[in-house]
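Below: the structure, in structure tokens.
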Amino acid sequence: MWRFSRKTPLLFTDRNGFRRTRLVSLKFMEFCSSQPIKDTKDSVREISDLLKHNNWQILMDSSDIPNKLNPEVIRTVLHENQVGDPVRLLNFFYWSENKMGIPQNFKSFSILAVNLCKSNLFGPANVLLERMIRTHSSPLVILDSIVSSYRDCEGSNPLVFDILIDTYKKMGMLREASDVFLAAKNYEFMPSLRCCNSVLKDLLKANLMGLFWKVYDGMSEAKIPPDVYTFTNLIGALCKVGRLKDAKNVLFEMGEKGCSPNSVTYNVVIGGFCRVGNLDEALEMKKSMVEKGLVPDNFTYTILINGFCKEKRSKEAKLILAEMFEMGLKPDNIPYTALIDGFMRAGDIEEAFRVKDEMVARGIQLNLVTYNILVHGVCKVGKIEKAHELMNEMVEMGWKPDSKTYNLLIEVYCREQNMGRAFELLDEMKKRNLAPTVVTYSVIINGLCRCGDFPRANGVLGEMVTRGLKPNSIIFTTIISGHIREGRVGEAIKVLEGMSGKGVAPDVFCYNSIIIGLCKARKMEEARTYLLEMVKRGLIPNDYTYGALIQGYSKVGEMQDADRYFSEMLGCGLVPNDVIYMALIDGHCKVGNIAEAFSIFRGMLGRGMLPGLKMYSVLIHGLSRNGKMQEAMGVFSEVTEKGLVPDVFTYSSLIFGFCKGGEIEKAFQLLQDMSERGIDPNIVTYNALIDGLCKSDDIEGARKLFDGIPGKGFAPNGVTYATMIDGYCKSGNVTEAFRLFGEMPSRGVQPDSFVYNALVDGCCKEGRMEEALDSFHEMLQKGFATTRSFNTLIDGFCKFGKLQEANQLLKEMADKQVMPDHVTYTTVIDWHCKVGKMEEANRLFLEMQERNIMPNAVTYTSLIHGYKREGNTSEAFALFEKMVAKGIKPDEVTYGVMVGAQLKDANLVEAS
Numbered sequence: 006m007w008r009f010s011r012k013t014p015l016l017f018t019d020r021n022g023f024r025r026t027r028l029v030s031l032k033f034m035e036f037c038s039s040q041p042i043k044d045t046k047d048s049v050r051e052i053s054d055l056l057k058h059n060n061w062q063i064l065m066d067s068s069d070i071p072n073k074l075n076p077e078v079i080r081t082v083l084h085e086n087q088v089g090d091p092v093r094l095l096n097f098f099y100w101s102e103n104k105m106g107i108p109q110n111f112k113s114f115s116i117l118a119v120n121l122c123k124s125n126l127f128g129p130a131n132v133l134l135e136r137m138i139r140t141h142s143s144p145l146v147i148l149d150s151i152v153s154s155y156r157d158c159e160g161s162n163p164l165v166f167d168i169l170i171d172t173y174k175k176m177g178m179l180r181e182a183s184d185v186f187l188a189a190k191n192y193e194f195m196p197s198l199r200c201c202n203s204v205l206k207d208l209l210k211a212n213l214m215g216l217f218w219k220v221y222d223g224m225s226e227a228k229i230p231p232d233v234y235t236f237t238n239l240i241g242a243l244c245k246v247g248r249l250k251d252a253k254n255v256l257f258e259m260g261e262k263g264c265s266p267n268s269v270t271y272n273v274v275i276g277g278f279c280r281v282g283n284l285d286e287a288l289e290m291k292k293s294m295v296e297k298g299l300v301p302d303n304f305t306y307t308i309l310i311n312g313f314c315k316e317k318r319s320k321e322a323k324l325i326l327a328e329m330f331e332m333g334l335k336p337d338n339i340p341y342t343a344l345i346d347g348f349m350r351a352g353d354i355e356e357a358f359r360v361k362d363e364m365v366a367r368g369i370q371l372n373l374v375t376y377n378i379l380v381h382g383v384c385k386v387g388k389i390e391k392a393h394e395l396m397n398e399m400v401e402m403g404w405k406p407d408s409k410t411y412n413l414l415i416e417v418y419c420r421e422q423n424m425g426r427a428f429e430l431l432d433e434m435k436k437r438n439l440a441p442t443v444v445t446y447s448v449i450i451n452g453l454c455r456c457g458d459f460p461r462a463n464g465v466l467g468e469m470v471t472r473g474l475k476p477n478s479i480i481f482t483t484i485i486s487g488h489i490r491e492g493r494v495g496e497a498i499k500v501l502e503g504m505s506g507k508g509v510a511p512d513v514f515c516y517n518s519i520i521i522g523l524c525k526a527r528k529m530e531e532a533r534t535y536l537l538e539m540v541k542r543g544l545i546p547n548d549y550t551y552g553a554l555i556q557g558y559s560k561v562g563e564m565q566d567a568d569r570y571f572s573e574m575l576g577c578g579l580v581p582n583d584v585i586y587m588a589l590i591d592g593h594c595k596v597g598n599i600a601e602a603f604s605i606f607r608g609m610l611g612r613g614m615l616p617g618l619k620m621y622s623v624l625i626h627g628l629s630r631n632g633k634m635q636e637a638m639g640v641f642s643e644v645t646e647k648g649l650v651p652d653v654f655t656y657s658s659l660i661f662g663f664c665k666g667g668e669i670e671k672a673f674q675l676l677q678d679m680s681e682r683g684i685d686p687n688i689v690t691y692n693a694l695i696d697g698l699c700k701s702d703d704i705e706g707a708r709k710l711f712d713g714i715p716g717k718g719f720a721p722n723g724v725t726y727a728t729m730i731d732g733y734c735k736s737g738n739v740t741e742a743f744r745l746f747g748e749m750p751s752r753g754v755q756p757d758s759f760v761y762n763a764l765v766d767g768c769c770k771e772g773r774m775e776e777a778l779d780s781f782h783e784m785l786q787k788g789f790a791t792t793r794s795f796n797t798l799i800d801g802f803c804k805f806g807k808l809q810e811a812n813q814l815l816k817e818m819a820d821k822q823v824m825p826d827h828v829t830y831t832t833v834i835d836w837h838c839k840v841g842k843m844e845e846a847n848r849l850f851l852e853m854q855e856r857n858i859m860p861n862a863v864t865y866t867s868l869i870h871g872y873k874r875e876g877n878t879s880e881a882f883a884l885f886e887k888m889v890a891k892g893i894k895p896d897e898v899t900y901g902v903m904v905g906a907q908l909k910d911a912n913l914v915e916a917s
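Each residue of the sequence shown is one higher than the last, beginning at 6 in our numbering.
As structure tokens, then:
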């Protein structure tokens, strides 16, 4: 027996469906086990008798009935009085609930709902079912209860199931509505066709396609005959999932099933074809519609106009608008707005404004959307004054500019880096009580980042947070990208690492910005680290991620890694673009891997990607750089066969290749071919030809080309001067080389390390060591001196027997923090050996190894030869054995020296 002596809070639901808490004496709960069945029957009989009177409520209030009420009594009263007035029963239900202060029996809701529907009182039934749903959440339990009550009540109306489903739909509970629909079959009840169509329509609108197909299949299994609305919903679903062919078939099959499509059905199909850009098919559908005797309406034409505009066929869309007038239809602002948007997107501002003028002339008022499209269009082309005119016109026409209008204007000022005006507009927004949005702040932060004003960008970010707006990952990506553009990779990384603390998870775009920046800075190991971190966070690398890594590794020549990420990219189903292919081809060509470059090129063709001129030019450039001129010309022929016109880069690459290989005539033939095709050579072309002539010892021909450059409309650059100076130095005319060197500053061209090295080398070869030393010291002052520079001068001093100066330069390298290499030491060692200073040569030999500079075959051969000269053949043989033991392969010179040493030692047997 349940007995409680204190009050406890209970939840009950009032007639409006709100749950309320009330302290209720638990004596009301004693009925569960303590109230005798006889007393219950007596109470039910007494209440039923009183309900027959019109003044039942007064009679009950003045009796002890309120004390006898409990959920079970009320359920029984409702059950036994189903033939009575359902409205009176409903009022009794609410009255008794108020008297009890506790929830009604679950079954009571079902009994009443069934009875109300039986009397066609669908409105009250709907309210009651909504309360039932709010109180008891399980749709299948509710359905089971209603089915039970339906079967108990004679003459029940099956529309109660429609009302239940409609109630769920009105409450936004489409999944539950679908559950009830699908479960009703198990009870051999099915909602009406109207209800089925309504569910399908709402599921389609909510994009719940999985449930849509379940409900539709349920209808088919229950053999509910479809009508035009069912077919229209089905066609709409097929269009939504891209099955346009099936949608079209259903449309044509409708007639065979005795159901003719209406204009709405055709509009759905036309809309589907327009959405996927198949405008010709959409027009065919319109034609078919007319043939069926249906008249295209405003909606039909609006769909078509919008579709044509989105596909950048606005001129045709305008003809469709004209057809509307011919058909006696009156377009509203929607098709006009679509047309204006179409012309704006196409960059035809004048035509967009002509459409606006026509719109006004026909008495069709522009709305805020139309004005914003116009403002966006003029802002896009930088016509800010026109944008302000439109803004003023908007106000005159009674439209208030919204945040989108201001955002458009702010964006154009930010794009022009006029941040002062952008902030003025931001202040104006606030004065007009227009709250800046996330987009507003995003645009301003982007503008500040483009100006490099990161402190102010951070200030705007802070203001945004203060106003209660949460920055999104796009804003952080903007800041990160800004730092990357400025080369501030470290600052960008700090922003990325601080995102989580601000409650924003970095997305793939944030990581891509970091990875792209690191790859451009050639910090490939760091880039790979952030890729791993990105994947660890569950983010999937996209084509930009892989593209950055592939390009980065290709630039640093680490082609194995580049190929690995390329394979990984393909494995993920991502499609590489031409930039990625060019990076790979160029990278493989740079490391001399021509076969792999061709393999990638063929693979690209196999994937259906057609190479453009740029792609062919990269391949030609790579082949030419590697001296593969036959293959390069083969690719060049393919370019012309495909109707592509080679450009100056293509020709310059080929000319460079032929010049490098000493085939000057072929290079000049290509220059002639360029002229015949109307392609002007540039300084790169002339530099290649001048270099080729210099290498062919035709310094006069090179000078003639050099002197003719100004007449071609451009000036010699640093490479041109460096090539000529090097050519003169190599031909022994150092005087002319110095004359050109002196001319460079007056032409605005600064000498680089190559020029200085050429002069030092030329002076050394001519024995002009003082001038060589002067040029070298000038190099040191400018910070141009490299290991190569020291090597050239050291070799010069050695050749003229000035070993002391050579040794001094070797020591000076350490002071200048320039690292000697094996060439430096081998040069000095060789000359010490030649003059018989073997002790010093050996000291240098040991010193180089202490500095982790490994001797090569030439170093060993120089020492062996030195020992042989002084007759120390045993030391020569010992050194030879050490050389072989260290895995250094002797060359022909080494063997020649060894044979000579053996002959000198009179060991003719071994020598033979």
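Yeah, the Cβ is synthetic: ideal placement off N, Cα and C, and Gly gets one too. All figures in this text were calculated on a predicted structure; none of them were measured in a lab.
Cα-Cα separation, residue i to residue j
i	j	result
E897	A890	18 Å
V233	C264	6 Å
S408	K361	22 Å
T534	C515	14 Å
N267	T342	27 Å
I63	Y173	36 Å
K32	C200	Residue confidence is low: K32 scores 37 on pLDDT, short of 50, so the model does not pin down where it sits. Its coordinate-derived value is still stated next. Looking at the two C-alpha atoms, the distance is approximately 45 Å.
F36	A189	Confidence at F36 is low in this model, with a pLDDT of 40, below 50, so the placement of that residue is unreliable and no value is reported for it.
V365	L371	8 Å
V470	V494	25 Å
N451	L466	11 Å
L796	M638	Here residue 796 is Asn; the residue named in the question, Leu, does not match the sequence. Going from the Cα of N796 to the Cα of M638 covers about 39 Å.
C768	E741	12 Å
V724	V754	10 Å
I229	A287	31 Å
T899	N857	23 Å
K541	E181	38 Å
Where the alpha helix (DSSP H) through residue i begins and ends
i	result
Y549	548-560
H141	Per DSSP, H141 belongs to no alpha helix (DSSP H) and is neither H nor E.
K709	704-713
E181	179-189
D820	808-820
G871	862-874
T534	529-541
K842	K842 -> no alpha helix (DSSP H), and no H or E assigned at all.
N120	111-123
R793	792-804
M888	878-890
Beta-carbon separation (whole angstroms), residue i vs residue j, contact threshold 8 Å
i	j	result
F127	I168	6 Å
I714	A720	7 Å
P301	K291	6 Å
G241	C279	That pair is no contact at about 13 Å.
G871	A846	6 Å
Residue i beta carbon near the ligand FAD (any heavy atom closer than 7 Å)
i	result
L344	Judged by which ligands are present, the structure shown has none, so any question about the ligand FAD falls away.
List in chain order: all unbroken beta strand (DSSP E) runs of 3+ residues lying wholly within the stretch 370-446. none
Segments of 4+ residues assigned as alpha helix (DSSP H) that fall wholly inside the stretch 43-107: 61-66, 70-73, 76-85, 91-105
Runs of 4 residues minimum, wholly inside the stretch 193-265: which ones carry the alpha helix (DSSP H) assignment? 198-210, 214-226, 233-245, 249-258
Return the chain-ordered ranges of every alpha helix (DSSP H) run that is complete within the stretch 451-510 and spans a minimum of 4 residues. 459-471, 478-490, 494-503
Could you name each continuous alpha helix (DSSP H) segment of 4 residues or more that falls completely within the stretch 725-773, going from the start of the chain to the end? 739-748, 758-771
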